[in-house]
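> Numbering (our numbering), first residue to last: 9 to 406. Every residue gets a Cβ at the ideal spot worked out from N, C-alpha and C, and that includes glycine. All values reported here derive from a predicted model rather than from experimental measurement.
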Amino acid sequence: MEKHLMWKSVVSEKENLTEAIEDLYVQLDLKNDNKDPRIQKLCIIFVSSHHEKNYYKIPNLIMEKISPNILIGCSGNGVIGNGIEIDGKPGISIAYAELLDEKIQPFYIDNANLPNSDDPPNVWEKTLGIEPNKCKAILLLSDPFSFNTDILLSGLDYTYPNANKSGGLISGGKKYGDNAIFYNQKVFNNGAVGLSFSGNIKFETIVSKGCKPIGDPMIVTKCEDNVIMELDHDKKPLEIIEDLYEKNDPREKYLIRNSLRMGIIMDRFGNSHEKDNYLIRNIIGGSKIDGCLEVGELINEGQIVQFHVKDSETANEEFHHLMENSHEKLLNNSPESILVFSCLSRDNYLSNTKQKNNINQSVSKVPITGFFSNGEINQIGDQTFLNGYTSSFTLLRL
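As structure tokens, then:
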């Protein structure tokens, strides 16, 4: 029996919505429409904010023209389809799939229905309608203005520990109510939408953080909530920053002044200092009086941290290195589809000639779809986090 039938990615830049949907339909080329009732037809859609006035029309138009069983998606500042980035102009992209023997379960949730962080797994299972022993992967699109994504991620990790998780924070708007969430024929302006996959499907994620470490890894020896008071038993965080600044060249000094971040090892057992295990968080502020530092994450004593700086040169080099390392593996075991969640502040990888060549050499025939997000959802170790300044490539394998 076939394990799958089809994965496609299409994109339209047409400004008129009706013409754009027709363009997408023509590109999908679904003339030989498969009527097998076992097949699930899936549309994951991303819509640029240029279509904001017509958000409410989009699901019905796609349902009428393409007839998927399941439709989810969201708005975005820019969209990606067929490996092409559409930024700063109208765009609609669709990841389309016809799957056999794979169970796909869509869900929508808002804060009113969100369980508490300390609720048991059966409460989460009942709320989401997803069976833990069958769930292999979860895709999540969440609105940053209206929904507590951190609580949902914590609940998903607790209830579905063996499921790979990936996704992004919805973009396109500037305030509560501006963004769009598409869930079958409904449109919401708050909450989160997602898919759970059962069967043979797997997620594999390649993440480019766009930051490089400076200085040495250190142990947090005194902290309270998100405030670091002491590192390595006798060092004040602000004193370490001042020392790093004095020791570095002009370019590094510029990066320290303008893009300093904190990397936090999230391995619960503290066994790994690999750079891939660092969660990058903003530095919110500090106190010159006591030398402490406030960061955008709760900190525990004993955790390992290291200062990082956001750097476009490092981002390009890192992405090149990641694709080189994955090249042979991708050629030998090409994914069925790739979903891209790229931070608004990052470079346009698929429009960058060097980066595009890196991708094309590895996955030239793989459908690539996605959007420019307000944050990226991916796993570090056995936990799922919201990340910023990253580009996340989720490889879907069957």
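So that I know if they touch, is there some Cβ in chain B lying closer than 8 Å to that of residue 250?
No chain B appears in the structure shown, which is made up of a single protein chain.
> For the 8 Å Cβ check, are there 3 or more pairs between the region 123-137 and the region 90-102?
In short, these stretches do not touch, since the Cβ pair count stays below three.
> Mind checking residue 287: buried by the 16 CB within 10 Å criterion, or exposed?
Label assigned to residue 287: buried.
> Buried or exposed: which applies to residue 244, given that a residue is buried once 16 or more other Cβ atoms fall within 10 Å of its Cβ?
Per the 10 Å Cβ criterion, buried.
> Is the separation between the beta-carbon of residue 23 and that of residue 140 shorter than 8 Å?
Contact flag unset, no.
> Which value, in whole angstroms, describes the spacing of the CA atoms of residue 196 and residue 105?
About 23 Å.
> By DSSP's criteria, residue 231 is part of a beta bridge. Which residues make up the other side?
Beta-bridge pairing links residue 231 to 236.
> Is residue 398 helix, strand or coil when you go by DSSP?
In this structure, residue 398 counts as coil in the three-state DSSP scheme.
> Assuming residue 377 and residue 101 are in contact, meaning their beta carbons sit under 8 Å apart, how far apart are those beta carbons, in whole angstroms?
With a Cβ gap of about 5 Å, residue 377 and residue 101 count as contacting.
> Going by C-alpha to C-alpha distance, which of 71, 270, 110 and 155 sits closest to residue 234?
When each option's Cα is compared against that of residue 234, the closest is 270.
> Note down the Cα distance separating residue 404 from residue 203, rounded to an integer number of angstroms.
Using only the alpha carbons, I get a separation of about 13 Å.
> Return the residue from the list 211, 181 and 151 that minimises the CA-CA distance to residue 172.
Comparing Cα positions, the closest option is 211.
> Please identify the residue among 136, 344 and 399 whose C-alpha is closest to the C-alpha of residue 209.
With distances taken between Cα atoms, residue 209 lies closest to 344.
> Please report the residue range of the alpha helix (DSSP H) in which residue 28 lies.
Segment 25-36, the alpha helix (DSSP H) holding residue 28.
> If you drop the 5 nearest sequence neighbours on each side, which residues of the same chain put their C-beta closer than 7 Å to that of residue 148?
Here the set comprises 173, 175, 200, 202 and 385.
> Within the continuous beta strand (DSSP E) that includes residue 140, where are the two ends?
Per DSSP, residue 140 belongs to no beta strand (DSSP E) and is neither H nor E.
> What did DSSP end up calling residue 189 once you bin it into helix, strand or coil?
DSSP places residue 189 in strand when its eight states are reduced to three.
> Assign residue 369 to buried or exposed, taking buried as 16 or more other Cβ atoms, counted over all protein chains shown, within 10 Å of its Cβ.
With a pLDDT of 48 at residue 369, under the threshold of 50, the predicted position of this residue should be treated as unreliable, though the coordinate-derived value follows. Counting Cβ neighbours within 10 Å, residue 369 comes out exposed, since fewer than 16 surround it.
> Along the chain, where does the alpha helix (DSSP H) that runs through residue 68 open and close?
It spans 66-74 - the alpha helix (DSSP H) in which residue 68 sits, taken as one unbroken run.
> Can you list, in chain order, the residues of its chain with a C-beta nearer than 8 Å to that of residue 153? Leave out the 5 residues immediately preceding and following it.
Taken in chain order, the residues that qualify are 181, 183, 184, 185, 186, 187 and 198.
> By DSSP's criteria, residue 212 is part of a beta bridge. Which residues make up the other side?
Answer is 403, bridged to residue 212.
> Using only alpha-carbon positions, find the residue among 31, 312, 72 and 352 that is nearest to residue 193.
The residue with the shortest Cα to Cα distance from residue 193 is 72.
> Quick one, are the C-beta atoms of residue 249 and residue 303 less than 8 Å apart?
Contact flag unset, no.
> Residue 178 by DSSP, collapsed to three states: which one?
Note: residue 178 maps to coil in three-state DSSP.
> Does residue 21 come out as helix, strand or coil in the three-state DSSP assignment?
Reduced to three states, the DSSP call for residue 21 is coil.
> In chain order, what residues of the same chain lie with their CB nearer than 8 Å to the CB of residue 121, ignoring the 5 residues before and after it?
Excluding positions up to five away in sequence, the list reads 135.
> How is the alpha helix (DSSP H) around residue 267 delimited, first residue to last?
258-267 is the span of the alpha helix (DSSP H), which, as asked, contains residue 267.
> Note down, in chain order, each residue of its chain lying with its Cβ closer than 8 Å to the Cβ of residue 56, except the 5 sequence neighbours on either side.
Correct list, in chain order: 83, 84, 85, 86, 87, 94, 97, 98, 99, 100 and 180.
> From residue 263 to residue 165, what distance separates their C-alpha atoms?
Those two C-alpha atoms are separated by around 35 Å.
> Per DSSP, which residues does residue 114 bridge with? Please list them.
In DSSP, residue 114 forms a bridge with 203.
> Using only the alpha-carbon positions, how far apart do residue 36 and residue 17 sit?
So the alpha carbons of these two residues sit roughly 8 Å apart.
> Within 10 Å of its beta-carbon, does residue 238 have 16 or more other beta-carbons around it, so buried, or fewer, so exposed?
Buried: at least 16 other Cβ atoms inside 10 Å.
> Nearest by alpha-carbon distance to residue 70: which of 314, 387, 31 and 274 is it?
Nearest option by C-alpha distance: 31.
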